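See structure below.
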Amino acid sequence: MPKNPISASSPASFEQAMAELEQLVAQMEAGELPLEASVAAYKRGSELVKFCALQLEKVDSQVKVLEGDMLKPFAGEALKDHSGADE
Numbered sequence: 378m379p380k381n382p383i384s385a386s387s388p389a390s391f392e393q394a395m396a397e398l399e400q401l402v403a404q405m406e407a408g409e410l411p412l413e414a415s416v417a418a419y420k421r422g423s424e425l426v427k428f429c430a431l432q433l434e435k436v437d438s439q440v441k442v443l444e445g446d447m448l449k450p451f452a453g454e455a456l457k458d459h460s461g462a463d464e
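The following block contains the structure:
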C-alpha cells in the first residue's frame with residue numbers, strides 16, 4: 378500500500394504535475410487504493426489537470442505574443458482552390 382498518494386502542495390512545474398498525475402492514475406487503475414483514498418486521488422487529479430491546463434494556456438499565450446502575426450490558420454482549402462484544376 379502506498380504511503381501517501383495524495384499531496385496537498387502545489388506542483389513546482391508542469392512536468393512534476395504530469396508525473397504525479399500519471400502515478401495517481403496508475404494507482405487507481407491498479408486498484409491499489411481503498412475507496413476513500415480513490416476519492417481523494419480523484420480530487421487531487423482534478424486539481425493537477427486544472428494546474429496543467431492553466432500552464433498550457435500560459436505557454437500558448439506566450440507563443441502567440443512571440444509569434445505575433447505569423448500565426449495564420451492552415452490554408453489547405455485555399456491551396457486546393459488555386460491548384461489550377463478545373464472541375
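All the letters of the sequence shown, read from the start, carry residue numbers 378 to 464 under the working numbering. Ideal Cβ placement from N, Cα and C applies to all residues, glycine included. Predicted model only: the values in this text are computed from it and were never measured.
8 Å contact criterion, which residue i and residue j should meet: CB distance rounded
i      : j      : result
Glu406 : Leu425 : That pair is no contact at about 16 Å.
Leu356 : Gln404 : Residue 356 lies beyond the residue range present for the chain, which begins at 378 and ends at 464; the question has no answer from this structure.
Ala418 : Leu401 : 5 Å
Where residue i sits in the DSSP three-state scheme
i      : result
Ser386 : coil
Leu433 : helix
Gly422 : helix
Leu398 : helix
Lys408 : Checking the sequence shown, residue 408 turns out to be Gly, not Lys. Gly408 falls in the coil class under three-state DSSP.
Cβ-based burial, residue i [other Cβ within 10 Å; buried from 16]
i      : result
Ala389 : exposed
Ala430 : exposed
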